[in-house]
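Notes follow once the structure below has been shown.
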Amino acid sequence: MIPSTPARLTHALAVLTIGVMAGGPSLAQPAPTCTFLMPIGGSEPVVSKRIGRGRLLGRNNWNTDFIVDQPFTSYRFFFTATSTDTASYPVQGFMRFTDGTSLQLFNETITPPQGTGRMWGPFATVPGKRTSLMNFRIGSSSQPGALGFSYRISVQGCN
């Protein structure tokens, strides 16, 4: 074992400092720069919704698509419960690609109390695929107790 002396410790610190200053390995990673994505048909990046009934014909309000209008390296999904009641319901997130395919990123049933926030991600982009939409799906016809439950959602793209 080599004894530690103040001179050796000073030298080791100087080598580490020079390496970091010269672009060598860094102990701290810079925080990603993230941008909120806009929902299709929306004017604000944070969408407020209420879980509605499914329909045999027509559309339900379970899906919300967010437009990916530039390349990002990762994505994050945000959810906040706004109802005073509690309910259990499925929450899913998808990455949709320009070739018409999609990738499910998460699928879980949650029972969030009012004001509770949740983030899923970051999810890295898929090599060789171009992302066109990020999709939040909240609600299910198999969870009738969740009807009327309100929430806010948003999605960020990060580099």
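Convert by adding 15 to the 1-based position in the sequence shown; the result is the number in this note's numbering. The beta-carbon is built from N, C-alpha and C at its ideal position, and this holds for glycine as well. All of these numbers come straight from a predicted model, not from anything done at the bench.
Reference residue i, options the options, closest by Cα
i: Phe109; options: Pro137, Leu118 and Ser165; result: Leu118
i: Asp100; options: Gly172, Tyr166, Tyr90 and Gln171; result: Tyr166
i: Gly130; options: Ala96, Thr146, Ser103 and Phe51; result: Ala96
i: Pro54; options: Trp77, Met149, Arg111 and Pro128; result: Met149
i: Arg111; options: Phe51, Ser147 and Pro60; result: Ser147
i: Gly115; options: Arg145, Arg152 and Arg133; result: Arg145
i: Val83; options: Trp77, Arg65 and Thr50; result: Thr50
i: Pro142; options: Trp77, Pro86 and Phe81; result: Pro86
i: Thr126; options: Ser98, Thr113 and Phe151; result: Ser98
CB contact flag (residue i, residue j, <7 Å)
i: Gly136; j: Phe92; result: yes
i: Asn174; j: Thr79; result: no
Alpha carbon of residue i to alpha carbon of residue j, nearest angstrom
i: Glu123; j: Gly57; result: 26 Å
i: Ser169; j: Val62; result: 6 Å
i: Ala139; j: Tyr90; result: 7 Å
i: Pro128; j: Met134; result: 15 Å
i: Arg70; j: Arg152; result: In this predicted model, Arg70 has a pLDDT of only 47, less than 50, meaning its place in the structure is not dependable enough to derive any value.
Residue i - DSSP class collapsed to helix/strand/coil
i: Val83; result: coil
i: Ser98; result: coil
i: Gly108; result: strand
i: Pro54; result: strand
i: Ile66; result: coil
i: Phe93; result: strand
i: Gly136; result: strand
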